[in-house]
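Report on the following structure.
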Amino acid sequence: MDDVSELRRREVKTYFDVIARGGSDRRIRARSFHNLGEWAAADYERLSGTLRDANATSSFSFLGRDADRYAETIEFLDDAGHEIVLHGHRHVSCSEIGYDLVHENLSRGLNAIEDAAGVTPPGFISPGQDVNAATLRAVRDLGMDWVLGRTEAEVPPDIDFLEPAHPYDLIFLNEGADPDAAFDRIREQTRPGAALLFHPNMLEYYDASEEYKAWIQETNPVTIGTVIAEGGVGMINDAMRPLRIE
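Residue 24 in our numbering sits at position 24 of the sequence shown, with consecutive numbering throughout.
In structure tokens form, the structure reads like this:
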């Protein structure tokens with residue numbers, strides 16, 4: 001039998017934990033699509049054009065396991081003035097994870113993105129958002145600048161920590177909100193210093209792309225790094241496939 005790494009097992013467990021919480025047929029169908037509806041280069045380029053036309057920028061999260069697949073896209077987004085953010089090497093929850101494993105997950109992800117695209121992500125967004133003390137130490141030890149997530153641990157003084165708006169787009173839509181209602185609630189969260197997470201592939205699935213575009217045009221968001229340094233309304237887009245068995 002081929003060896004199955006702990007990171008691969010953790011990635012499967014992270015997603016199965018979500019499935020195990022149950023939910024409506026609507027959620028199950030959406031979660032099934034989430035693992036199939038991968039964005040291609042043209043999709044990222046289209047969104048970058050929308051952002052450019054709105055005089056806006058965004059952070060984009062990527063997984064190290066997909067760095068080769070998205071190398072040209074990562075380079076394109078970086079050249080266009082957007083921010084590349086680490087989501088881990090694999091899509092692994094950081095709420096309960098030991099230091100050695102989370103350090104491996106983050107360091108492999110950083111190295112994969114750097115090797116594939118020549119871009120070094122300055123920050124990390126945790127799958128599931130929750131992060132523990134071990135994760136914060138690993139981020140610090142790897143020389144990253146900031147974390148986007150939620151934690152009850154003490155944040156090391158040499159990294160910045162920002163909590164994203166919660167609930168976010170996918171939660172609103174999975175729970176049954178139509179696109180207009182979902183973005184009405186997102187607008188309630190839209191204020192200076194806020195960081196808003198979007199899943200543009202799933203916004204397509206829910207036919208919410210026009211509402212999303214309108215929000216960008218009226219908000220003129222900026223990257224997470226810019227929010228931390230200068231203020232504004234922060235935006236991060238995650239179109240990654242949360243589970244890849246192979």
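Ideal Cβ positions, reconstructed from N, Cα and C, are used throughout, including at glycine.
### Message
Less than 6 Å between C-beta atoms, sequence neighbours within five positions excluded: which residues of the same chain meet that for Pro179?
### Response
In the sequence shown, the residue the question calls residue 179 occupies position 179. Ala208 and Glu211.
### Task
For Ala138, verify whether its CB is less than 7 Å away from any heavy atom of the ligand GDP.
Among the components modelled here there is no ligand, and therefore nothing to report on the ligand GDP.
### Query
What runs of the beta strand (DSSP E), each 3 residues or longer, lie entirely inside the region 9-83?
59-62
### Task
Evaluate contact between the region 28-36 and the region 177-191, counting only Cβ atoms and requiring at least three cross-stretch pairs below 8 Å.
no
### Message
Relative to the C-alpha of Glu218, which candidate in Asp184, Thr73 and Asn201 has its C-alpha closest?
### Response
Your numbering for residue 218 matches position 218 in the sequence shown. Looking at the Cα atoms, Asp184 is the closest of the given residues.
### Message
Looking at the secondary structure, which residues open and close the alpha helix (DSSP H) in which Asn237 lies?
### Response
Against the sequence shown, residue 237 aligns to sequence position 237. It is not in any alpha helix (DSSP H) - Asn237 instead sits in the beta strand (DSSP E) that spans Gly234 to Asn237.
### Task
Under 6 Å Cβ to Cβ from Asp238, same chain only, skipping five residues before and after it: list those, please.
Locating residue 238 in the sequence shown gives position 238, counting from the first residue. Ser61 and His199, listed in sequence order.
### Query
When the cut-off is 8 Å and only beta carbons count, does Asp169 lie next to chain D?
Absent from the structure is chain D; it holds one protein chain and no more.
### Task
Pull up the distance between the alpha-carbon of His103 and that of Val139, whole angstroms please.
Locating residue 103 in the sequence shown gives position 103, where the first residue counts as 1. Locating residue 139 in the sequence shown gives position 139, where the first residue counts as 1. When rounded, the distance between both Cα atoms is 8 Å.
### Query
Apart from the five residues on each side of it in sequence, which residues of its chain come closer than 6 Å, Cβ to Cβ, to Tyr206?
If you number the sequence shown from 1, residue 206 lands on position 206. Excluding residues within five positions, the ones whose Cβ falls inside 6 Å are Leu173.
### Query
Who are the near neighbours of Trp215 in its chain, counting only those whose CB is closer than 8 Å to its CB and skipping five residues on each side?
What you label residue 215 is simply residue 215 of the sequence shown in a count that begins at 1. Excluding sequence neighbours, Trp215 sits near Phe183, Ile186, Arg187 and Thr190.
### Query
Whose C-beta lies closer than 8 Å to the C-beta of Ile159 among residues of the same chain, with five residues either side of it excluded?
What you label residue 159 is simply residue 159 of the sequence shown in a count that begins at 1. Taken in chain order, the residues that qualify are Leu136, Val139, Arg140, Met144, Asp145, Trp146 and Val147.
### Query
From what residue to what residue does the alpha helix (DSSP H) around Thr113 run?
As a working mapping, residue 113 is identified with position 113 in the sequence shown. Going by the sequence as given, residue 113 is Ile instead of Thr. Looking at the DSSP string, the run of the alpha helix (DSSP H) that includes Ile113 is Tyr99 to Ala117.
### Query
Would DSSP call Val147 helix, strand or coil?
In the sequence shown, the residue the question calls residue 147 occupies position 147. If DSSP states are grouped into helix, strand and coil, Val147 belongs with the strands.
### Query
Would DSSP call Val4 helix, strand or coil?
Here residue 4 refers to the residue found at position 4 when the sequence shown is read from its first residue. The answer is coil: DSSP assigns Val4 none of H, G, I, E or B.
### Cα-Cα separation between Glu114 and Arg241, rounded to whole angstroms
Taking the sequence shown and counting its residues from 1, one reaches residue 114 at position 114. Taking the sequence shown and counting its residues from 1, one reaches residue 241 at position 241. Cα-Cα distance, rounded: 20 Å.
### Query
Which class does Pro179 belong to by DSSP, given the choice of helix, strand or coil?
The sequence position of residue 179 within the sequence shown is 179, counting from 1. Helix at Pro179.
### Task
Check the DSSP bridge columns for Leu170 and list the partner residues they point to.
If you number the sequence shown from 1, residue 170 lands on position 170. None, per the DSSP bridge assignment.
### Query
Would you call the CB atoms of Pro192 and Val233 closer than 8 Å?
By 1-based counting over the sequence shown, the position of residue 192 is 192. By 1-based counting over the sequence shown, the position of residue 233 is 233. Cβ distance < 8 Å, so Pro192 and Val233 count as in contact.
### Query
Is it right to say Ile245 is buried, meaning 16 or more other beta carbons lie within 10 angstroms of its own, or is it exposed?
Indexing the sequence shown from 1 puts residue 245 at position 245. Ile245 is exposed by the Cβ-count criterion.
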